[in-house]
Structures are given as structure tokens and as C-alpha cells.
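Counting from -9, one number per residue, gives the positions in the sequence shown under our numbering. We treat Cβ as the ideally placed atom computed from N, Cα and C, and that holds for glycine.
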Amino acid sequence: MLHRPRAGSASGRGKPCTRVEHKNIMVKTHLFLSLGIVLSAACISHAVTAVPHVNLIKNPGFEKGSSEWKTDPARWQVVSDVSHSGRHSLRIENDDKASYTLASQPIPCVTERVYRMKVRIRTDGVEGADSGAPICLEWYNKEGQYLGGSYPPGIKGTNEWTLLEANSKLIPEDAATMRAVVYLRQGCTGTAWFDDVSVELT
Ligand SMILES: [Ca+2]
């Protein structure tokens, strides 16, 4: 569409700009500017829903209790005696290798993008065949079927607050929903605290 004015001016090359042509140029300029405003608004709208470096986790520091998080209250508790920031953290205590529970939160899914995960983890006596206490991201299709996830290694043993951070894989184009998860790897026992969970688009 933007080529038309160029073709028109080529056909009138050498002629003085008539009043009608001037009016046409003004109308086309107005349309071009309007189109630019619409496109700019669309870009801003997209940016609002997919802005990098904004933490997508709600209640990331557990200062509102377990709000926004899905947990098993038999194993998971928001505590106020240990925290990395604020006054609270989320603790799992597990003395049964056969017990495997998660704390999870849904997050907006943007396909063909990479997410950055961060969490502070403190551990006490975490042991087992797998890598201890980590964070992960998992994605599902629109039917709710599991498609895959990114599972960075966790932390074992007894440690003061440690920053664990990792990038996800590229989110596949057929992913429809995602969730962030903090947990003890299957078969691991011990106590772990989680605080300041963050998931951002890169
Ligand atoms: Ca906190």
C-alpha cells in the first residue's frame, strides 16, 4: 500500500504539485501516521503481556502466606522463624523417601521464548539419590497433557541461603499453560526452605 504514492509520483514526475495532489499527500500522510499510532499501540499491548525482566510469580516471598501457591499442607508450611527476605519463607519437611510433593504456581505461557528462574534455597540434611531441592518449570498443552519442562539441579546437604538460577529451554509452540514448581526431588529427604522465587521472560 505504501508503494502506491511512490508509483503515483513517478507518473507525475516533473509536474508541479497540484492542489489535488497536495490534498492526496496530506490524506495519505494522515493515514500513514494513523497506521503508525495503531501499530505502536499494538506493540505496547504486546509488551504489557510479555515484558522481559518482570517477576511473573505472585507472592514470591511468601509474605502473604501460601496465597497463590498450591501445596500439600501435610508437608509444606509458610514459616516465620526463617526467611531470606521479609519475615517468611516456605518450608518442606520430608522424612519419607516414598513421599513426593510439590509447591507450584501457574504462570503466563509465552511460547518460543526462554524464561529465567531464580530462587533462594536453604537446606538442612537434604539427602537422597537425586539432586535435592530445586526449582523447575513445566509446560502443558491445551488439553492439559504434560509436554516437558526444565529441571536445573537442586541443592543437597546443609546450606545457608543459596541462590539457584537457571534458564529454561525454549518453550514449545504447542504449550498452552505453564507452572513454576519448588520441591524436593523424588526420593530425597530432609528440610528445605524457599524464598524470593522469581520467573522472568528473557
Ligand atoms: Ca520472604
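Would you decide whether E128 is buried or exposed? Buried here means 16 or more other CB atoms lie within 10 Å of its CB. For the purposes of this step, residue 128 is identified with residue 138 of the sequence shown, where counting begins at 1. Buried is the call here.
Report whether the distance from the Cβ of L188 to the nearest heavy atom of ligand 1 is below 6 Å. Position 198 of the sequence shown holds residue 188. For the sequence presented, residue 188 should be read as Ser rather than Leu. No; taking the cut-off as 6 Å, the Cβ of S188 has no heavy atom of ligand 1 nearer than that.
Say yes only if the C-beta of G55 is nearer than 6 Å to one or more non-hydrogen atoms of ligand 1, and no if none qualify. Along the sequence shown, one-based indexing puts residue 55 at 65. It does not: the Cβ of G55 is nowhere closer than 6 Å to a heavy atom of ligand 1.
Where do the N-terminal and C-terminal ends of the beta strand (DSSP E) with W129 fall, by residue? Locating residue 129 in the sequence shown gives position 139, where the first residue counts as 1. Unbroken beta strand (DSSP E) run through W129: I125 to Y130.
Please state whether DSSP places W59 in a helix, a strand or coil. Translated into the one-based positions of the sequence shown, residue 59 becomes position 69. Three-state DSSP puts W59 in coil, outside helix and strand.
Cα separation between G139 and S57? As a working note, residue 139 is residue 149 in the sequence shown. As a working note, residue 57 is residue 67 in the sequence shown. Cα-Cα distance, rounded: 24 Å.
Is the separation between the beta-carbon of R81 and that of V69 shorter than 7 Å? One-based indexing of the sequence shown puts residue 81 at position 91. One-based indexing of the sequence shown puts residue 69 at position 79. Yes.
Give me, in chain order, the residues of the same chain whose beta-carbon lies closer than 6 Å to that of W151; leave out the 5 immediate sequence neighbours on both sides. The residue labelled residue 151 in the question sits at position 161 within the sequence shown. H74, R110 and R112.
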